[in-house]
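Below is one structure; the comments refer to it alone.
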Amino acid sequence: MAGALDAITQHKGLLAWLTEVVELLKPDSVYTCDGSEEEYKYMCDLLVEQGTFTPLNQTLRPDSFLARSHPSDVARVEDRTFIAVADMNEAGPTNNWVPARDMKDKMLRIFKNCMEGRTMYVIPFSMGPVGSPFSKIGIEVTDSPYVVVNMSIMTRVGLPVLEALGECGDFIPCIHSIGAPLAPFQADVPWPCERDPKHKYIVHFQEEPSIWSYGSGYGGNALLGKKCLALRVASSMAKKEGWLAEHMLILGLTSPEGKTHYIAGAFPSACGKTNLAMMLPTLPGWTVTCVGDDIAWMRLGEDGRLYAMNPETGFFGVAPGTSYASNPNAMESAKSNTIFTNTGLTDEGDVWWEDMGVAAPAHLIDWEGNDWTPEDGRKAAHPNSRFTAPARQCPVIDPKWQDPAGVPISAFLFGGRRASTIPLVNQAFDWEHGVFMGSAAGSETTAANLSKTGVLRHDPFAMLPFCGYNMGDYFSHWLSFAGRTDAEKLPKVFFVNWFRKDDDGKFLWPGYGENSRVLKWIFERVEGTGEAVETPIGYLPAPGALDLSGLDISDDAMKQLLAVEKEGWLNEVDGLSKYYDEFGDRLPAELRKQLAALKERLG
Ligand code: O2Y
Ligand code: MN
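Just so you know, we're using the numbering used here here: the sequence shown kicks off at 67 and counts up by one.
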């Protein structure tokens, strides 16, 4: 097993940074992760010993564990997430801006001695295949062994990364602390963290770049390779370097004839991205393979097409609602070697959550560690409870999911949760119109987002919480791709809405595997065979063009799903116009032009 870093790397910059970090954080000891299987097992044993992990029944859920977080530490904290740059206009109106210099001073004060009494783990990790020129290396230091094991599933960790870094390679410094130093002889708790929400900080110093995260041990706040590096920092690097770092799933869609097109899709949180990424099509002969369920890094290839790779190696999926009916491939992915966080624990030693497709047991231990029975009326699992599962365990993982060159993207999907107005599927006229569609994306809030339900939250490109720079400049960056390759080589762009409701509030479209019918039409549009009608909002499926064979859906429902309602769309135009005002002169003129053209077409 690894240990002292200077025995395994000659990288002077890394050694110097670690010396500084140790001086600041004052851990009792330092451990460098080698990424081996033995190390993973050792860390899991340690977490069991410390009371953070409960081992699950080895027969029912082999080599898997349950962690319960502190109730104050259950989700990403957007209001405590900051973009630290010198000029507030570089962060833009959608981010929490802080002046970089002041924030660095503050971080140096807050992090001082914060690892006393604890071990500091050094995690060398690669986002993307180790050694690929398109991958990025991060070094996360953390005082949380829970973070170490989750990072081991979600990213490529260890000695091969240090080897790829060599003696002078670039890395992104990532400093994470749970913010709970231990005094001598002080007893530890199963989930140490900073309990005061106002003392949590997730800070991105974009000009360096570096990431400093304090006070939370949960998910996107603490696994710094994911939302912090692969989206916020990477989006900013991508803008400078001419590529795209996006909050997108990547799937392969193969026709009965054996032809594959890859599709990347951006959907806000709570819109079923993981379900779509590995869906089981109901249409006979069609298959979906999964390249990734959350993040896509894309760049133009030498042939002028856009190639996408998934920088991650695992799924950090939301548990409630995941079942053999909604997502059999996620259930299979999480059958073993999986870390569950904040689900219920059955008396047999397995996990349980709401809408798992398994009857609620008569008794279990809930996510807060209390006895629970169905009669209690409380949730057994936290609504944001998660499974961390290796992507390699997904039965439909795409054969090219680790290809350093990525996969060529034929189509982009944008979407959101919209009860009215937005049709089931709608194709953009061209690239610029597609970028306009992406900028117009949004979702109505659900009970699961813990805010007022049914309110539209604009979420351009599903990047609202993740775009690490001025969103106006981000729109310009997307538009710039039209000038960098031939128009016909760029992916076709579609907007989808699986969540349209009728007047009684019932979903009009069955969703899940039936979404393959929409994907088939998209595939055919890419191939140039799918029939469409031109409407003011884009191309919609021509009558009969959507394959509805064997589906029990009324003509009236289909009519509503594919309607273009002038009044609703004029409201959209108004709402978007106001939203665009927020971006001031950083909004590209092209988007105002697209908005005016839409209004004109609506008549
Ligand atoms: O609450 C968290 O820390 C997880 S949020 C998350 C996890 C996996 C994939 N996507 C998301 C998201 O919020 O988009
Ligand atoms: Mn996500």
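Where a beta carbon is used, it is the ideal one built from N, C-alpha and C, also for glycine.
Counting along the chain, the unbroken alpha helix (DSSP H) around S218 starts and ends at P211 to M220. Annotation: F565 is outside any alpha helix (DSSP H) and is labelled neither H nor E by DSSP. Counting only the Cα atoms, K558 lies some 11 Å from E498.
For I176, the secondary structure class from DSSP, reduced to helix, strand or coil, is helix. At the C-beta level, G380 and I619 stay beyond 8 Å of one another.
For I361, there is no enclosing beta strand (DSSP E), since its DSSP letter is neither H nor E. Annotated three-state conformation of Y535 is coil, per DSSP.
Y284 is the residue among Y284, P531, I241 and D153 whose C-alpha sits nearest the C-alpha of D139.
Looking at the DSSP output, C240 bridges to E206 and I277. Here V357 is buried, its C-beta having at least 16 other C-beta atoms within 10 Å.
Sorted by chain position, residues whose beta-carbon lies closer than 5 Å to a non-hydrogen atom of the ligand O2Y are A141, R142, G285, G286, S335, D360 and F382. Assigned with DSSP and collapsed to three states, V164 falls in strand.
Each of K466, E638 and P93 was checked against the Cα of R184, and the nearest Cα belongs to P93. In this structure, the straight-line span from the alpha carbon of P474 to that of Y373 is close to 4 Å.
Closest by C-alpha distance to L132, out of L81, D621, V417 and I329, is V417. In this structure, DSSP gives C294 a helical state, which the three-state scheme calls helix. Between the region 446-457 and the region 525-533, the count of Cβ pairs shorter than 8 Å is below three; the stretches do not touch. By the C-beta criterion, the region 75-95 is judged to be in contact with the region 232-241, since at least 3 inter-stretch pairs fall below 8 Å. Within a 10 Å sphere around the beta-carbon of T388 sit 16 or more other beta-carbons, which makes this residue buried.
Rounded to the nearest angstrom, the gap between the Cα atoms of E656 and G504 is 13 Å.
Secondary structure of P159 (DSSP, three-state): coil.
By alpha-carbon distance to K172, the top candidate from G286, C99, R591 and I268 is I268. Minimum Cα-Cα distance from A362 among the listed residues L430, F495 and N376 corresponds to N376. With a beta-carbon spacing of about 6 Å, C99 and Y187 fall inside the 8 Å limit used to define contacts.
According to the DSSP assignment, S399 belongs to the alpha helix (DSSP H) that extends over P394 to S399.
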